[in-house]
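Data block below; observations after.
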Amino acid sequence: MTLSEIARRIEEIRPGSLPKSLFVNYGELRLVWSRCVEPDGTTSAASVPLPDDIARATLGWAMVMAMRAKRDSCGWIILAHQPPDGWCDQHFADLDHGNDPLRSLLAAFERVYAKEDK
């Protein structure tokens, strides 16, 4: 899964989770660095490609902030609702998601917000 696909998935699951200055254009994650209003009232923007390391950090922290996930030595811990017992910790190990912390965090994000939709 590419970074732009992860960004799209985050926005599908919970719109507004990503910073407004991030967007996907032709499969590339980009950062808006300048906006201006044209004389005819339309808005234009100048953007630059977002380097992968910065994109990974930005996507990760957007999910962490949205669901208050915690990191341990081998994955992510979230507080998940488990009816009828209430709340419990759920662990998402990196090894179960291609040894990629961003993908394990996305799995946790999907788990948290999939429950809200049902």
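Residues 0 to 117 in numbering that gives the first Met the number 0 are what the sequence shown lists, from first letter to last.
Heads up, the beta-carbon is just placed ideally off N, CA and C, and yes, glycines get one too.
Consult DSSP for residue i and reduce its assignment to one of helix, strand or coil.
{"i": "residue 118", "result": "The chain is shown from 0 up to 117; residue 118 falls before or after that span and cannot be answered."}
{"i": "residue 105", "result": "helix"}
{"i": "residue 117", "result": "Because the pLDDT of residue 117 is 43, which lies under 50, any placement of that residue in the model is unreliable, and the question is left without a value."}
{"i": "residue 37", "result": "coil"}
{"i": "residue 93", "result": "helix"}
{"i": "residue 58", "result": "helix"}
{"i": "residue 100", "result": "helix"}
{"i": "residue 3", "result": "helix"}
Given a cut-off of 8 angstroms, decide if residue j and residue i are closer than it, judged by their beta-carbon atoms.
{"i": "residue 68", "j": "residue 110", "result": "no"}
{"i": "residue 103", "j": "residue 62", "result": "no"}
{"i": "residue 22", "j": "residue 36", "result": "no"}
{"i": "residue 28", "j": "residue 54", "result": "yes"}
{"i": "residue 64", "j": "residue 107", "result": "no"}
Report the partner residues of residue i according to the DSSP bridge assignment.
{"i": "residue 72", "result": "Looking at the DSSP assignment, residue 72 forms no beta bridge with any residue, so it has no partner."}
{"i": "residue 79", "result": "87"}
In chain order, what residues of the same chain lie with their CB nearer than 7 angstroms to the CB of residue i, ignoring the 5 residues before and after it?
{"i": "residue 5", "result": "58, 101, 105"}
{"i": "residue 112", "result": "12, 13"}
Given residue i, which residues of its chain have a CB within under 6 angstroms of its CB, disregarding the five upstream and five downstream residues?
{"i": "residue 74", "result": "90, 91, 92, 93, 103"}
{"i": "residue 33", "result": "45"}
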